[in-house]
Each structure stands twice: as structure tokens, then as C-alpha cells.
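Enquirer:
Number of protein chains: 2
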Amino acid sequence: MTDQMRRIVLASRPEGAASEDNFRIETSPVPAPGDGEVVVRVHYISLDPYMRGRMDDAESYAAPVPVGGIMGGGGVGEVVASNHPDFRPGDFAFGMFGWTTHACENGNQLRRLDPAQAPIGTALGVLGMPGFTGWYGLNELGRPKPGETLVVAAATGPVGSMVGQLARLAGLRAVGIAGGAEKCALATDTFGFDACIDHRAHDSARDLRAALRDACPAGVDIYYENVGGKVLEAVIPLMNDFGRIPLCGVISWYDAGGLGAKAASEGLSLPALWSTILKKFLSVNGFIISNHYDRYPQFLADVGPKLASGEIRYLEDVAEGLENTPAAFLSMLKGGNTGKQLVRLI
Amino acid sequence: MTDQMRRIVLASRPEGAASEDNFRIETSPVPAPGDGEVVVRVHYISLDPYMRGRMDDAESYAAPVPVGGIMGGGGVGEVVASNHPDFRPGDFAFGMFGWTTHACENGNQLRRLDPAQAPIGTALGVLGMPGFTGWYGLNELGRPKPGETLVVAAATGPVGSMVGQLARLAGLRAVGIAGGAEKCALATDTFGFDACIDHRAHDSARDLRAALRDACPAGVDIYYENVGGKVLEAVIPLMNDFGRIPLCGVISWYDAGGLGAKAASEGLSLPALWSTILKKFLSVNGFIISNHYDRYPQFLADVGPKLASGEIRYLEDVAEGLENTPAAFLSMLKGGNTGKQLVRLI
Chain A
39 MTDQMRRIVL
49 ASRPEGAASE
59 DNFRIETSPV
69 PAPGDGEVVV
79 RVHYISLDPY
89 MRGRMDDAES
99 YAAPVPVGGI
109 MGGGGVGEVV
119 ASNHPDFRPG
129 DFAFGMFGWT
139 THACENGNQL
149 RRLDPAQAPI
159 GTALGVLGMP
169 GFTGWYGLNE
179 LGRPKPGETL
189 VVAAATGPVG
199 SMVGQLARLA
209 GLRAVGIAGG
219 AEKCALATDT
229 FGFDACIDHR
239 AHDSARDLRA
249 ALRDACPAGV
259 DIYYENVGGK
269 VLEAVIPLMN
279 DFGRIPLCGV
289 ISWYDAGGLG
299 AKAASEGLSL
309 PALWSTILKK
319 FLSVNGFIIS
329 NHYDRYPQFL
339 ADVGPKLASG
349 EIRYLEDVAE
359 GLENTPAAFL
369 SMLKGGNTGK
379 QLVRLI
Chain B
39 MTDQMRRIVL
49 ASRPEGAASE
59 DNFRIETSPV
69 PAPGDGEVVV
79 RVHYISLDPY
89 MRGRMDDAES
99 YAAPVPVGGI
109 MGGGGVGEVV
119 ASNHPDFRPG
129 DFAFGMFGWT
139 THACENGNQL
149 RRLDPAQAPI
159 GTALGVLGMP
169 GFTGWYGLNE
179 LGRPKPGETL
189 VVAAATGPVG
199 SMVGQLARLA
209 GLRAVGIAGG
219 AEKCALATDT
229 FGFDACIDHR
239 AHDSARDLRA
249 ALRDACPAGV
259 DIYYENVGGK
269 VLEAVIPLMN
279 DFGRIPLCGV
289 ISWYDAGGLG
299 AKAASEGLSL
309 PALWSTILKK
319 FLSVNGFIIS
329 NHYDRYPQFL
339 ADVGPKLASG
349 EIRYLEDVAE
359 GLENTPAAFL
369 SMLKGGNTGK
379 QLVRLI
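Sequence lines, in order, name chains A and B. All the letters of the first sequence, read from the start, carry residue numbers 39 to 384 under the numbering used here. All the letters of the second sequence, read from the start, carry residue numbers 39 to 384 under the numbering used here.
(1) Give every residue of the same chain whose Cβ lies closer than 8 Å to the Cβ of B/Lys318, excluding the five residues on either side of it in the sequence, and list them in chain order.
(2) Classify B/Arg351 as helix, strand or coil using the three-state DSSP reduction.
(3) Check A/Pro196 in the structure and name its three-state DSSP category.
(4) Hey, could you find the ends of the alpha helix (DSSP H) B/Val68 is sitting in?
(5) Would B/Met89 be called buried (16 or more neighbouring beta carbons within 10 Å of its own) or exposed?
(6) Could you check how far apart the C-beta atoms of A/Glu271 and A/Leu320 are, in whole angstroms? I think they sit under 8 Å.
(7) So with Cβ pairs under 8 Å, would you call B/Leu371 a contact of chain A?
(8) Anything in chain A within Cβ reach of B/Tyr99, meaning under 7 Å, just list it in chain order.
(9) Report the partner residues of B/Arg282 according to the DSSP bridge assignment.
(10) If you measure from the beta carbon of B/Asn323 to each beta carbon in chain A, is any gap under 8 Å?
(11) Look at A/Ala49 and A/Arg62 and say whether their C-beta atoms are less than 8 Å apart.
(12) Please list the residues of the region 273 to 293 of chain A that have a C-beta atom closer than 8 Å to any C-beta atom in chain B, keeping them in chain order.
(13) Using 8 Å as the limit for Cβ to Cβ distance, is B/Ile215 near chain A?
(14) In angstroms with no decimal places, state the Cα-to-Cα distance between B/Glu116 and B/Gly266.
(15) Would you say A/Leu371 and A/Ala56 are within 8 Å of each other, going by their C-beta atoms?
(16) Determine whether the Cβ of B/Ile326 lies closer than 8 Å to any Cβ atom of chain A.
(17) Spell out whether any CB of chain B is found under 8 Å from the CB atom of A/Leu176.
(18) Any beta-carbon of chain A closer than 8 Å to the one on B/Leu306?
(19) Would you report the Cα separation of A/Ala249 and B/Pro52, rounded to the nearest angstrom?
(20) Is any beta-carbon of chain A found at less than 8 Å from that of B/Ser313?
(21) Looking at B/Met43 and B/His140, is the spacing between their C-beta atoms short of 8 Å?
(22) Going by DSSP in three states, A/Lys300 sits in which element: helix, strand or coil?
(23) With H, G and I counted as helix, E and B as strand and the rest as coil, what does DSSP make of A/Thr138?
(24) Helix or strand or just coil, what does DSSP make of A/Arg382?
(25) Roughly how many angstroms separate the alpha carbons of A/Arg92 and B/Leu380, rounded to a whole number?
(26) Quick one: is A/Leu320 near chain B, going by C-beta distance under 8 Å?
(27) When burial is assigned at 16 or more other CB atoms within 10 Å of the CB, is B/Arg150 buried or exposed?
(28) Measuring alpha carbon to alpha carbon, tell me which of B/Ile83, B/Ala100, B/Ile215 and B/Asp152 ends up nearest B/Met134.
(29) Determine the contact status of A/Leu210 and A/Thr226, defining contact as a CB-CB distance below 8 Å.
(30) Please report the straight-line C-alpha distance between B/Pro314 and B/Pro275, rounded to a whole angstrom.
(31) Assign B/Ala56 to one of three DSSP states: helix, strand, or coil.
(32) Have a look at A/Trp291, A/Lys268, A/Val273 and A/Tyr262 and flag the residue whose alpha-carbon is nearest the alpha-carbon of A/Leu285.
(33) Using DSSP with H/G/I as helix, E/B as strand and the rest coil, what is B/Met43?
(34) Does A/Ser98 come out as helix, strand or coil in the three-state DSSP assignment?
(35) Against chain B, with Cβ distances strictly below 8 Å, would A/Gly198 count as a contact?
(36) Evaluate contact between the region 343 to 357 of chain B and the region 335 to 342 of chain A, counting only Cβ atoms and requiring at least three cross-stretch pairs below 8 Å.
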């Protein structure tokens, strides 16, 4: 065990798109655990789109990261020292450690992991926040019915792939959207999507809509929204009456200045969007999964066995080393990842 | 009983704002009732904002009125001839008669009215489609809780006044929006709104928002949406987390070219709207009351007694004569009415 820990802090707020200049590495001694505390050596850092929003000083559902503060987020690692009765060195745990090699947290804030049940990295993806987000949004807000059609973007990512696979298991037609032919092939071959459309091959919302219309001959009943932008504009006119739109993210707009950005829309006006919600009796529900962790045990009980049986599959992109975390994060915001983006530290 | 009936047909589709030129009066003999049919002499025609949408040839939740076809809508009147076992001359009935002095309909399409229970005109307003729309949207989609704050526009109209009064009875703070000081005084004095803001005294969404912020010190939990436009833009940033937006109309946009209009928004962008739904976990539900008439008996059982006891009040604007129907309708679209707009024919 080293005596020094490294972490990445927010050096400055982005103006427009985020860049590596917005981050800085700091080094400090690994602390000794206080009463009830546990020191963890982090094995995997989770990188997630919502972190981009926290870099801005805009009103959102979570306080922004202060300039000079550590970039927050989930991680998994091994306990190396403990003053908490529930944890001993050698145990594995999930916690909100942030972008850091080590963390010292109250043991009550950690969740024990059993590496024999699933690789610990899955606690950040398919069995963690993103998978849970997909499961909750689809089932609770999407209310899927057999024979319906679902559309979800970032189809090979940890949210989209969960949504698509669960929709297929529930008897829906699942149509994915992804960037590039390779991801589209993965969506259909690995995750079983009925079709997947390459948004890079369709520059405008109009072109993308035409491709979606072909892939959704019976219209769209559930649009699981995690991207906003061009995909939103393409899908809205294809929604069926009584359609549902669970809304958990708008990644395409994050780098335009954070949530609440005034990015220009391509062609779908606000009145047209609002009028479509009215005239097609749509149900649009924004949510963040952290408000719903009372349902997490139910999620694990449902998806855990499906993962073990191979009914649910997942993909991970693993970057190596703390110093490469900002680059991996920035690449993910541009769709550079295929599956769940992790950073391996050990 | 005259042998001739008069009706108003759609002479042409509006280009932009509707005008009297879009209508034409036609005269024809009153038909004799066929098997199962009933002839009604119409006493009151209902004028409602949704009728504007049907003048356009745009996709919506109902087929457009064909050019040359009668303007549709609800009415109440007296049976003058009947070949249906449930109706006799002298009975009163509600039906979708349209803008006409007489109608011949299958008796199964009519609903009997008891003039001893409530004036028959109330079947078009407080106890009819608009009142039911307010009741359903508030209770089913707004999910009101005591202590919360509700905002609704067209506060003295038949939907807004129902929503505001029911919200007050449920223990909410009810804030209305209306056009002009006189309507605002009616909203607070007659309907018991806690406050009412004159949108004509606040030209921009920003000014209106400042006034709303003062009137809603604890933010807005339910925005009952029936207008769109400037009011929508003013309210959205004031929504509280987990707020609800029942969406039954966007009257401010209808005359800009119908549902789906590409009217310019003043300052709220589509990404900002969409991001606010996400970050505040809002629930937006479009609906049309005709999908929910299974709940109508429950509405009558709830609101009927409240009307009789004076807990629920209502206002009517009554124009006189079929020939004045288009002018009354066009005036209503501009907010010229105060309460439920009717046309009296007898």
C-alpha cells in the first residue's frame, strides 16, 4: 500500500465544451480511518454523462462540483483499513468515491460487494446506477406492453442496452440508435435489438426520422429519452397516441453549456413539441434514479438472475490509469465509448 | 315550429388567424326523424377553443371539419319530434348538434337533461365538457396535495375556474392568470383564487414570471396548462421538483396555424424546456377528455352537489342568435369572453 493517493479535481468550469484543461491531478497522503470510517483502494472509477452537468455552475438536481473540489462519482474497490464493524481489509465495496485512487468514507455510506456473484465492475454498470436507471425508467414510466415499439439511443451503452434487452424480453419491438456501423451491429447481434440506426449516417433530424419510420412501421410507443437533440426531433413526430417518454438525460445538449442550455433546435419548435404532447396524449416524465433507490433490491432480484443466465448481456470500455480519466470522460461525451465506460486503476 | 333550420358551415380554411369569412350560413328544411331518431330544437350552442383546431387540415386528435361541413360541437335543446323510445317532445337533451338551430340525431347519441336539477346550459360548461376537463386533469394528472401551489390561466373560464375552485377546496394555494383587471377581480372575488395576475399588464414572459414569482412564494407544484405561449414560458422556470403539468390545450397557439404551429417562442428554448422536465422531475401529460368519459358519472357525483351548495360557482357569456356565433367564437379565441361562452338561440 502506497502512502500517497491521487485524485482529479475540477480546475476550472468549462466555457462551452469541456476540455482537459478543466481538470487537475492532486496528490496527498492516504488518511488513516477515523471512527466508523473505512479506507478503500479504488479498482474501478465509473464515468457517467451526468458528471458533465455538475461541472457547470447551473441549477440542477445536484450541487455543482466546486472549483478545486474532487470530481464526484461512483467507484468500487478493496478495503485496506477499517474502523467500521461491517468491513474488514480484503472486503470489496461500492461507494461514491469520486475520481481518486483511494477514499476514506464512513462505512455506512458503502455497499458490500460479493466478487463471487458478479465481477465488481458490474456494480457500476449493468447492476449499478445505469442499469437500474434503464430498468426503472422502462418499467415504471414506460409501462411496456407486448407488441409495442420502443426506441432508445446510445443503444450499446449501459442504459440503452438494458432498456433494449428488457423491452425485447417483455415482447416489444426494440429499435436502437447508435453512432457508427460497428455499434449498430453490436446492438442487434449482442443485445438483440430488432433494428439499430446509425445516427452518423443521417445528418439531419429529417433523414434520421425517415430511417426511424422505416424501422418502426407501427410507430413509436415508448421513446426512452437519454440524448435529446437530433434524436428527439426525429422521434417526436413518430410517437403513437398514448406514448410514453421516460426522460433521464439529454447528453447531446450537456456540452452546449449544461442543463438549461439554449442550444438551437434543428426544426422542432417548442410549440410543435408541446402540441404533440397534447394531441397524442403523451406522458413525459423526468427522473433521476437517486430518488428511487427503495426499488434497488427489486431491480437486483429481477436483473441479477437474468445476468447470470445470459438473458441480459453488457459491454464495458475500460480506460487505464487515473491520469487518463479526463480523456476517457471527454471521449465518452462525444460517443467514443461503446459500452459502460470505466477507468481501471489496478 | 318553423319548417326551416339554419346552420353554420366552414366556408374555407383559415390562413393564419380565423375570420368571419371562414364561415357561411346555410338553410334547409327541418328533417322528419327516421327510425330511432330525435329532432331537437337547439337552445344553446357551446363554443370551445378546441373548435379552432378542427378548422385546420392538420393532424390532430379529431378529424378536421371538411370545407362545406357543419361546424361541430355540443349543444342542448328541446325534443320536438321523436322516433326513439327514450325521448318525447318536451324533453331536454344534450348532444353533439353543432352550430345549428335544429338537429336530427339517433336518440342513443343524446343524453337526457333534467332542467329541475340545473339550468340546461350548465351541461355545456360547469357540468359539461369544460368542467369535466378541469376536474379530471386536476385530480387524475395533477394529483393535488394540501399546501401545494397551483397555477392556471383563463382563470374565469369554464376550465380554469373549475380547476381553481377544486384546488382551493383541496387545500391548495390557487393562483390564476387572466386578461384584464376585471377578470382578475372576478377570479379572486367570485372563484376564490388566492391571487390572480393580469397577463395584459405584463407584456413579456419575463415580466409575467416576476409577478408569478411574487404570487407563488413556495414555487409551483401544478401548472394546469390550457394556453401555452407566454404563460408557459413564464411558469416553467418556477416549477418545483416533482411538479405536474396536465396539458389540455394551447389556445394561445391555435390561431398561429393550428396545433403543431411553428410559432416563435419568446425566450424559452426547446432544450431548456426539456432539460427542466428532466432536472425537476416533472410529469407532463397531454389529454383530451373524450378519452375519459367512463369517469363522467364520478365527476357529476362529485361536482353536482358542490354546484347545488354553492361551493362551486360559474360564469357564462351568452351571445344571441345563430348569426352571431362566428363573431362570438372569434372573440373567445382572443379572450373576449369571461366565463363559459354560449350562444342562445331561443
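Glycine included, every Cβ here is placed at the ideal spot set by N, Cα and C.
Expert: So, to answer that:
(1) Within the same chain, B/Lys318 has close Cβ partners Met277, Asn278, Asp279, Phe280 and Gly281.
(2) The three-state secondary structure of B/Arg351, taken from DSSP, is coil.
(3) Assigned with DSSP and collapsed to three states, A/Pro196 falls in helix.
(4) In this chain, B/Val68 is not harboured by any alpha helix (DSSP H), its DSSP state being neither H nor E.
(5) It is buried - the Cβ of B/Met89 has at least 16 other Cβ atoms within 10 Å.
(6) Not confirmed; about 15 Å, so no contact.
(7) It does not; no Cβ of chain A falls within 8 Å.
(8) Neighbours of B/Tyr99 on chain A, chain order: Lys317.
(9) B/Arg282 is bridged by DSSP to B/Ile260 and B/Ser321.
(10) With a threshold of 8 Å between beta carbons, B/Asn323 makes contact with chain A.
(11) With contacts defined as CB atoms closer than 8 Å, A/Ala49 and A/Arg62 qualify as a contacting pair.
(12) Identification of residues in the region 273 to 293 of chain A having a C-beta nearer than 8 Å to some C-beta of chain B yields Asp279, Leu285, Cys286, Gly287, Val288 and Trp291, given in sequence order.
(13) No, B/Ile215 does not count as interfacial toward chain A.
(14) Straight across, the Cα-Cα distance linking B/Glu116 with B/Gly266 is about 37 Å.
(15) Yes.
(16) By this cut-off, B/Ile326 is an interface position.
(17) No, because no Cβ of chain B sits closer than 8 Å to the Cβ of A/Leu176.
(18) Closer than 8 Å to some Cβ of chain A, the Cβ of B/Leu306 qualifies, so yes.
(19) Near 34 Å, if we compare the C-alpha coordinates of B/Pro52 and A/Ala249.
(20) Judged by the 8 Å Cβ criterion, B/Ser313 is in contact with chain A.
(21) Contact check for B/His140 against B/Met43 passes: the beta carbons are separated by less than 8 Å.
(22) Its pLDDT being 41, under 50, A/Lys300 is placed unreliably in this model, and the value from its coordinates should be taken loosely. In the three-state scheme derived from DSSP, where H, G and I count as helix and E and B as strand, A/Lys300 is classed as coil.
(23) The DSSP-derived three-state label of A/Thr138 is strand.
(24) Of the three classes helix, strand and coil, the one that applies to A/Arg382 here is strand, per DSSP.
(25) When the Cα atoms are used, A/Arg92 and B/Leu380 turn out to be separated by approximately 53 Å.
(26) Flagged as an interface residue toward chain B: A/Leu320, by a C-beta distance shorter than 8 Å.
(27) Burial call: exposed.
(28) The option with the nearest alpha carbon to B/Met134 is B/Ile83.
(29) Not in contact: A/Leu210 and A/Thr226 (Cβ atoms no closer than 8 Å).
(30) According to the sequence provided, residue 314 of chain B is Thr. The question's Pro does not apply to it. Straight-line Cα distance between these residues: approximately 7 Å.
(31) Annotated three-state conformation of B/Ala56 is coil, per DSSP.
(32) The shortest Cα separation from A/Leu285 among A/Trp291, A/Lys268, A/Val273 and A/Tyr262 belongs to A/Tyr262.
(33) Residue state, collapsed to three classes: strand.
(34) In this structure, A/Ser98 counts as coil in the three-state DSSP scheme.
(35) It does not: the Cβ of A/Gly198 has no partner Cβ on chain B nearer than 8 Å.
(36) The region 343 to 357 of chain B is not in contact with the region 335 to 342 of chain A.
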